[in-house]
Amino acid sequence: MPFNPFSEVTQEILELTELCRRSSAIDPALYEKYDVKRGLRDINGKGVLTGLTEISEIQSTQRDENGAEVPCEGRLFYHGVDVKNLVSGFIRENRFGFEETTYLLLFGKLPTQEQLDQFTALLTRYRSLPTSFVRDIIMKAPSRDMMNTLARSVLTLYSYDDRADDISLPNVLRQCLQLVALFPMLSVYGYQAYNHYHEGKSLFIHAPQPHLSTAENILHILRPDSKYTKLEARVLDVALVLHAEHGGGNNSTFTTHVVSSSGTDTYSAVAAAIGSLKGPRHGGANIKVVQMFEDLKKTVSDWSDEEAVACYLKKLLRKEAFDKAGLIYGMGHAVYSLSDPRADVFKYYVKSLSEEKGRDKEFGLYSLVERLAPQIIGEERRIYKGVSANVDFFSGFVYSMLDLPTELFTPIFAISRIAGWSAHRIEELCNSGKIIRPAYLSISPHYDYVPIDQRTEG
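Under the numbering used here, the first residue of the sequence shown carries the number 54, and numbering increases by one thereafter.
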């Protein structure tokens, strides 16, 4: 068979890999010796301060009466507004909230009704792809991974923009609003192309409707019959709001800051953030949760049997079940300890949707794992802070109840997080002074140059 450089790992590559591994291995003890904050976090999970932001705030600790920092129930603020209050506010007023949340993140205040109407109308005008873009770009060479499709589409939009490299704030804002408006179409159309060309399914390309919210349009253009219930759209909208932003230190948002600080164009910065979010340690975490629960349901026949469920969770931690990674996916967070406020908000709507879908017993299983896992992790592992369910614990379950294909789980995250990325890109450009360049300490010894005819292998 002919050599395929795009997929074949040859013996030569395997041998070279060993050279790479030997030259790249660093003694873990050296990180402690030189006080290196791996992952830009200390041993307690607290992030190294690398910047300032007004866009959002995460609270996971508070000061006690002695001034010591102690864990507290998690809180998340968007420009000073508690996310719990934001969600309860637009739900109480019977409105969708993602567009309002995007306005808040970008402009720092809650919009009036007139401002919101004008902003929504602006997004609607931008919800139009260039002529033949779907046919010439999305339908050609469709990828099996929707995040790669999304990144490719974003980079290709550069070619359609006459001012692509202009990083003046008006132009960047224009570009960001276009991407916020287009991400649902780029993601869902990319999935439809994959579903048709790779899975042999019928191809549906529905045009977005100007009177629908972002959440409604996602369901409209995804489903063959474009039908959805009010609760389905409402829960998806809440999911978009909760995933829209999470401080400047999360991996993809920090990537946005780092790449934006170089002075590059908006499309390149956003594509880099997409590449970060694709990673299973970041945006792909909820897929692992769903897969873990599928394995749990196959293993434990009685979902209400606490002892059997606890036994399975212990096997997960002991690397005896599921993917043998030693993790209970969806439990714990790099920042939160006692609770993730996004999970707290989400759980109420998850319960309602599970009742509408007839999957309340499955919700009961999720609730049981949520209750048992922190205790079992505490018994099995040495932990430095509290452990609780994070937003990924419930989001995958929600997406499955919404009949969203697994391939779109992470793109839905991107559809939401583009709002936060946009706000942080603009903040970086407004306050830019230096390119972001942290230090790395070299621990390699120095060697003399050896002429090539005197070198030996090894």
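The beta-carbon is built from N, C-alpha and C at its ideal position, and this holds for glycine as well.
Note that the coordinates shown come from a computational prediction; the quantities given were computed from them, not determined experimentally.
Asked: Distance, Y84 Cα to R508 Cα; Found: 32 angstroms
Asked: Buried/exposed call for K331, threshold 16 Cβ in 10 Å; Found: buried
Asked: 4 or more residues per run - each alpha helix (DSSP H) lying fully within the segment 200-239; Found: none
Asked: Short Cβ contact (8 angstroms threshold) for Y382 with A374; Found: no
Asked: The alpha helix (DSSP H) enclosing E360, as first and last residue numbers; Found: 359-370
Asked: Residue environment, G411, which counts as buried when at least 16 other CB atoms sit within 10 Å; Found: exposed
Asked: D135 in three-state terms, based on DSSP; Found: strand
Asked: Backbone CA spacing between F151 and S141 [nearest angstrom]; Found: 13 angstroms
Asked: Inside the segment 303-360 only - alpha helix (DSSP H) runs reaching at least 4 residues; Found: 304-313, 319-331, 338-352
Asked: Strand pairing of Q428, partner residues [DSSP]; Found: For Q428, which the question treats as bridged, DSSP gives no partner whatsoever.
Asked: Residues bridged to V123 (per DSSP); Found: Q115
Asked: DSSP-derived helix/strand/coil call for M192; Found: coil
Asked: Straight-line Cα distance separating A246 from V134; Found: 39 angstroms
Asked: Collapsed DSSP secondary structure at A442 in the structure displayed; Found: strand
Asked: CA-to-CA distance, H299 to A426, given in whole angstroms; Found: 24 angstroms
Asked: Where G100 sits in the DSSP three-state scheme; Found: strand
Asked: Rounded C-alpha distance that separates D393 from V403; Found: 15 angstroms
Asked: For L158, the nearest candidate out of R188, D501, L406, F130 (CA to CA); Found: F130
Asked: Distance cut-off 7 angstroms: E298 Cβ against heavy atoms of the ligand ADP; Found: What this structure holds is no ligand at all, so the ligand ADP is not there to describe.
Asked: Alpha-carbon to alpha-carbon, P491 and V311; Found: 10 angstroms
Asked: Own chain residues within Cβ distance below 7 angstroms of P458, not counting five before or after; Found: Y244
Asked: CB-CB length for F236 against A387, believed under 8 angstroms; Found: Wrong, their Cβ atoms sit about 25 angstroms apart, outside the cutoff.
Asked: Residues bridged to L295 (per DSSP); Found: L295 is not bridged to any residue.
Asked: In DSSP terms, what S420 is bridged to; Found: Partner(s): none; S420 has no beta bridge.
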